[in-house]
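Note that the numbering used here has the sequence shown beginning at 1, numbered continuously upward. First the structure, in the form of structure tokens, and then the observations on it.
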Amino acid sequence: MAKGITAQEMDSVTASGLVPHLGTTTNSGNSYSVTSNTPISTNQKFTIKFNVASSTAPTLKINNDTALPIKKANGNNAKLYASVYTLFRDGSAFILQGEGGSGNVQPDQVEAGFTFTNDNGEFTGTLSKQAFVDAITSKGVTASMADPFNTLAAKIDQISTGLKRASGNGAPTGVEIVNLDFEPLIIIIRCNGSFYYNDGHQGNDNRSAQIGGAMYFVKGEHNYNISASVTTGRDGSTNIEINPTVSWYLNGFKINVQTRTSSSSNNISASIGNWVAIGI
């Protein structure tokens, strides 16, 4: 049968490698104490169970020794939980061994669902991607909660921050565009209107007039006409104007123009020569 080893038979080198356990502490606030049959000298390591968590700057008193602060390896005050720890007595403090991570990052700076450790212990992140996803999708770029943050950052680059422009030819009386890749906010058209009435068979001069120019429209603003008073052969002066109607779409627009005069005439016409749309 194997023979037991007494403390007297154990050499000093072997004894120095043992880590004694002192037991469980009692406390008064952050002041902890423990009674043990094992004295702890400077430069000695030991384990101990703390009965409750600490809140600020903990201290430990072993038997009748002087109470010493419990520090992390970086010199900061240790944050203790009701658990077992390994400490090292360096003469002026008890140094927490293998306490885990440190730092000052806070839960609202770490993505929700992921754990981390700072100077105060282990926490779970609370930073949600939802606000980022909502902001990106509101600008017309597809994003989801499944996208990692680096993907969301790349999608921000896809958001258009400048004005877009498109142009094209018009048509008689009107034009309708429904395939723009942006929402138009300003539309400019070049248009003209005219009328003509042949009155020569009654011995009078013919009656005719025309008007043209550029018109612009701003989404949400009132539309204005192009109008003029022109001299005609038979009647002296006649008022002529071009009346527009505008419909706005998210991806286009519809504009119709109509010529009106202050007197009845034949051969009334209006047309759009070309258009330019500007938007975002």
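Positions of the beta carbon are idealized from the N, C-alpha and C atoms, including for glycine.
Item, Value
"DSSP state of Ile159, grouped into three classes?", "coil"
"Tell me the rounded alpha-carbon separation between Phe50 and Thr38.", "17 Å"
"Based on the DSSP secondary-structure assignment, which residues constitute the bridge partners of Tyr249?", "Gly252"
"Just checking: is the beta-carbon of Asp108 within a distance shorter than 9 Å of some beta-carbon in chain B?", "The displayed structure is made up of one protein chain only, and chain B is not part of it."
"Would you please state the rounded distance, in angstroms, between the beta carbons of Leu96 and Tyr81? I believe it to be under 8 Å.", "Not quite, the Cβ-Cβ distance comes to about 12 Å (not below 8 Å), so this is no contact."
"Do you know how far the Cα of Gly140 is from the Cα of Asp134?", "10 Å"
"How far does the beta strand (DSSP E) with Thr59 in it extend, from its first residue to its last?", "59-62"
"For Lys79, does the count of other Cβ atoms within 10 angstroms reach 16, so buried, or fall short, so exposed?", "buried"
"In chain order, what residues of the same chain lie with their CB nearer than 7 Å to the CB of Gln44, ignoring the 5 residues before and after it?", "Arg89"
"Are there 16 or more other CB atoms within 10 angstroms of the CB of Thr115, so buried, or fewer, so exposed?", "exposed"
"Taking all protein chains shown into account, do 16 or more other C-beta atoms lie within 10 angstroms of the C-beta of Ile272, making it buried, or fewer, making it exposed?", "buried"
"Is the Cβ-Cβ distance between Ser36 and Asn63 less than 9 Å?", "yes"
"Whose C-alpha, out of Ala53, Ile40, Glu221, is nearest the C-alpha of Lys61?", "Ile40"
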